[in-house]
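**Q**
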Amino acid sequence: MEFWINAALAIILTVIGIMAVSQHRLFAVIILSGAYSLVAATWFVVLDAVDVAFTEAAVGAGVSTVLALGTLSMVPGKEKKRPVEALPLSLAIATGMLLLLAVADMPQFGSPDTPVQQHVGPHYITQSEKEIGVPNIVTSVLSSYRGFDTFGETAVIFTAAIAVFLILTGWTRKKIITKPKSKTKSPELDV
Amino acid sequence: MSSFILTQWNFIIVVGLMMIGFYTVVARGNLLKKMIGLAIFQTSVFIFYISAGKISGGTAPILTGNPDTVYSNPLPHVLILTAIVVGVATTAVGYALIIRIYESFGTIEEDELTEAMNADALTEHEDHISETNR
Amino acid sequence: MSELFDFLVTAIAIISLCLGSLGVVLGALGLIRLGDVYQRMHGAGIVDTGGAGLILFGLLLLSPDWTVAVRVALIGMLIVFTSPTATHAIARAATLAGIEPILARRSRKKPQKDDA
Amino acid sequence: MQDDPVIRVVTKVLTPAIMLFALYVQFHGDYGPGGGFQAGVIFASAFILNAIVFGMNRGRHVWPAKFNLQCIALGVILYGGTGIASLFMGGNFLDYNVLSNDPIAGQHLGILLIEFGVGLTVASVMVGLFFAFANRTQHLRLLDLPSSSDDGTSSKDKPKANAKPKAKAKTNTKTNGAKAKQVSTAK
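Protein chains in written order, with the numbering used here: chain C, 41 to 231; chain V, 389 to 522; chain D, 65 to 180; chain X, -8 to 178.
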């Protein structure tokens, strides 16, 4: 049963992805990418990652779409039509084939004795209640065991916000160029 | 072969999504579409991490008090949780740059952008020459 | 007596879950197949009320304790508030953008009706 | 949107509910799914909705730009300050055990503080990003520069929109270049 839900969501996700990149109207591309994020969030719930699903639904489908639409309101709404290019396609397919070879060597999906499950994960699960006392293990790992990591991420968000403010709401060099002109000929420029 | 598809289903789909995103980033010339392709690429990596942490028959890593419960690995969840928010913050920087590029060059298609930049460089060069001659 | 009651509640819940799933599928089909934005909104409305509403009703009946029931009821309230508003906003934006309903266009060009 | 009663009334009803839900996600994050990142985004969405419906100026009035910047910095400072505090109280950086007499209580306090810091930063960053994108046209007008979205936004000439603004913007850059030349020659 779980496999079939998995399979159906994966196929929906792939179809939405292909639809999103094959559209030429950018509005449709953005809305489809929002739908893609929502389906990915549903898949995260199936894969037991409720916190990640929550974040993906709020950020990926919500704020990201709003920002993309804000960008779209300032740039042309249609993409220039291009034919399917052979070299990038073959490059993508070649990379995919190589990664499929690597996937063949991956441990079986869902097995409890993979290397991923061997090291720190069991410690978090068994000791979190004793050491942190918070039921949600994701929260305890996020803020206590890996607090440095989250501190770095917060700093990255801070820096990105400052960068956007400087790029979009800062002064430009053009201002310095046009300013003397507007002082000398202000009545004409105000029109 | 079929057992390979059945057991590694998630990873195969992840590779497929990666290919879609990669092709979009490399081949499509529209900068906004490149960002969307990047988001698809990013999400495929997220699904890869979460799939690697999944244990069949497990539940979400929130302690229930029952000692027999099997929990999926919380570590990939934490890594991806922060990666999603950082991803949207960096994507916003990309969008801001797209807006500034459009305001400066009047286009967000890559090939036209190259032409416009070349033309701009040419006019600047001519300006420079005329200034030095003057 | 209480066994019969439980059975009835479960049966109603399962029936409403099935109907809700059917509603979601039909709404999605309408969203793809129908002609213009106003007709597609009808498909989206079926997903919101018929689909999500019936599924939430089924889950409300099946909820194991009252905290879950309250949460499901809150989600239902949210859908009752937001879904008609979103539909209204889309319809209003479409009207302001000057998009005519496809039926109005057809009735104006009567001779070409057979072609379409 | 401002003249539409349905959207306005529903927004007024929903905004406090969204904020309450964000606070629930923030402080219930220890026991269920949730935490600072999600709560911040949801809290920001309430302000974004408010600004979309009631206009940018009123949205800015509710959440001023300066306050926004202060909140972004305050969240990061709160996070780092918790680490420094644990450093001064005899532990390692971000080691919450020493924050209180009982290690478990200390952990709870530390997690609460840093989740709040993360939530504050994320919420104000998201609101700030939205306003930065939405106010770009207005900002250009303030700068006395030609805006790229002056034409092409009205829906009727959308089909032609990808050819038209290109030409206009190109002339814009050219005129700016001409202005620059004039200024440089005037010097």
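Quick reminder that beta carbons are idealized off the backbone N, C-alpha and C, glycines included.
Could you confirm whether any beta carbon from chain X is found closer than 8 Å to the beta carbon of V:Leu510?
**A** no
**Q** Closer than 8 Å, CB to CB, is X:Gly66 near chain V or not?
**A** no
**Q** Where does the unbroken alpha helix (DSSP H) through V:Lys422 begin, and where does it stop?
**A** 419 to 441
**Q** Along chain X, in chain order, which residues have C-beta atoms closer than 7 Å to that of V:Ala477?
**A** Val116
**Q** Do you know how far the Cα of C:Val143 is from the Cα of V:Phe399?
**A** 6 Å
**Q** Spatial neighbours of V:Leu420 within its chain, please: C-beta separation below 7 Å, excluding the five flanking residues on both sides.
**A** Ile486, Ile496
**Q** How about C:Leu141: is its C-beta nearer than 8 Å to some C-beta of chain V?
**A** No, no contact with chain V.
**Q** Are the CB atoms of X:Gln17 and C:Glu98 within a distance shorter than 8 Å?
**A** It is worth fixing the name first, because residue 98 of chain C is Ala in this sequence and not Glu. For C:Ala98 and X:Gln17, no; Cβs fall outside 8 Å.
**Q** Say whether chain D places a C-beta atom closer than 8 Å to the C-beta of X:Asp21.
**A** Not one chain D Cβ lies under 8 Å of X:Asp21.
**Q** Mind checking C:Leu87: buried by the 16 CB within 10 Å criterion, or exposed?
**A** With 16 or more other Cβ atoms within 10 Å, it is buried.
**Q** Sorted by chain position, which residues of the same chain lie with C-beta nearer than 8 Å to V:Asp508's C-beta, five sequence neighbours on each side aside?
**A** Phe493
**Q** Taking Cβ-Cβ distances below 7 Å as the criterion, which residues of the region 78 to 98 of chain C are in contact with chain X?
**A** Val90, Asp91, Phe94, Thr95, Ala98
**Q** At which residues does the alpha helix (DSSP H) containing V:Ile496 begin and terminate?
**A** Note, V:Ile496: premise wrong, no alpha helix (DSSP H); not H, not E.
**Q** Rounded C-beta distance between C:Ile77 and C:Gly110? I'm assuming under 8 Å.
**A** This sequence places Ser at residue 77 of chain C; Ile is not what is there. No, C:Ser77 and C:Gly110 are not in contact; Cβ-Cβ is about 17 Å, not under 8 Å.
**Q** Kindly indicate if chain D contains any beta-carbon less than 8 Å away from that of X:Ile(-2).
**A** yes
**Q** With a threshold of 8 Å between beta-carbons, can X:Thr6 be considered close to chain D, or not?
**A** no
**Q** Does DSSP put V:Ile408 in a helix, in a strand, or in coil?
**A** helix
**Q** Between V:Lys421 and chain C, is any beta-carbon pair separated by less than 8 Å?
**A** By this cut-off, V:Lys421 is an interface position.
**Q** Going by the beta-carbon positions, is the gap between C:Thr239 and V:Thr470 smaller than 8 Å?
**A** Only positions 41 to 231 of chain C appear in this structure, which leaves residue 239 of chain C out of reach.
**Q** For C:Val61, count neighbouring Cβ atoms within 10 angstroms of its own Cβ and tell me buried if that reaches 16, exposed if not.
**A** buried
**Q** Report back the beta-carbon spacing between D:Ala77 and D:Leu125 to the nearest angstrom; my notes put them in contact at under 8 Å.
**A** 4 Å
**Q** What's the gap between the Cα of C:Gln258 and the Cα of V:Glu500?
**A** The shown model of chain C, from 41 to 231, leaves out residue 258 of chain C, and the question about it has no answer.
**Q** Could you work out which residue in V:Ser444, V:Ser432, V:Pro462, V:Phe410 is closest to C:Pro175 when comparing CA atoms only?
**A** V:Pro462
**Q** Cα-Cα, which of C:Leu107, C:Ser180, C:Ile71, C:Gly117 is closest to X:Phe124?
**A** C:Leu107
**Q** Got a sec? Which residues, its chain only, sit under 7 Å from X:Gln61 by beta carbon, not counting five neighbours each side?
**A** none
**Q** Rounded to whole angstroms, what is the Cα-Cα separation between V:Phe436 and X:His19?
**A** 28 Å
**Q** Check each residue of the region 195 to 211 of chain C: if its Cβ is closer than 7 Å to any Cβ of chain V, include it; give the result in chain order.
**A** Of all residues in the region 195 to 211 of chain C, those with a C-beta nearer than 7 Å to a C-beta of chain V are Val196, Ile197, Ala200, Ala201, Ala203, Val204, Ile207, Leu208, reading in chain order.
**Q** Going by the beta-carbon positions, is the gap between C:Ala81 and C:Ala68 smaller than 8 Å?
**A** In terms of Cβ geometry, C:Ala81 and C:Ala68 do not form a close pair [threshold 8 Å].
**Q** Can you round the beta-carbon distance between X:His99 and C:Gly187 to whole angstroms, since I take them to be within the 8 Å contact cut?
**A** The Cβ separation is near 14 Å, so there is no contact.
**Q** Going along chain V in order, which residues have a C-beta closer than 8 Å to the C-beta of X:Arg127?
**A** Here the neighbours are Ile487.
**Q** Show which residues of chain X have a CB atom less than 7 Å away from the CB atom of C:Thr166.
**A** Going along chain X, no residue has its Cβ under 7 Å from C:Thr166, so there is no contact; the nearest lies around 16 Å.
**Q** In whole angstroms, what is the alpha-carbon distance linking V:Leu426 and C:Ile71?
**A** Rounded to the nearest angstrom, the gap between the Cα atoms of V:Leu426 and C:Ile71 is 15 Å.
**Q** Within the 8 Å Cβ cut-off, does V:Asn418 reach chain C?
**A** Cβ-Cβ to chain C under 8 Å: yes for V:Asn418.
**Q** Could you say which of C:Ser104, C:Gly102, C:Thr209, C:Ala126 lies nearest to V:Val414 if we only look at CA atoms?
**A** Measuring from the Cα of V:Val414, the nearest candidate turns out to be C:Ala126.
**Q** Buried or exposed, going by whether 16 or more other CB atoms sit within 10 Å of the CB of C:Asp145?
**A** exposed
**Q** Taking C-beta to C-beta, are C:Gly161 and V:Ser444 nearer than 8 Å?
**A** no
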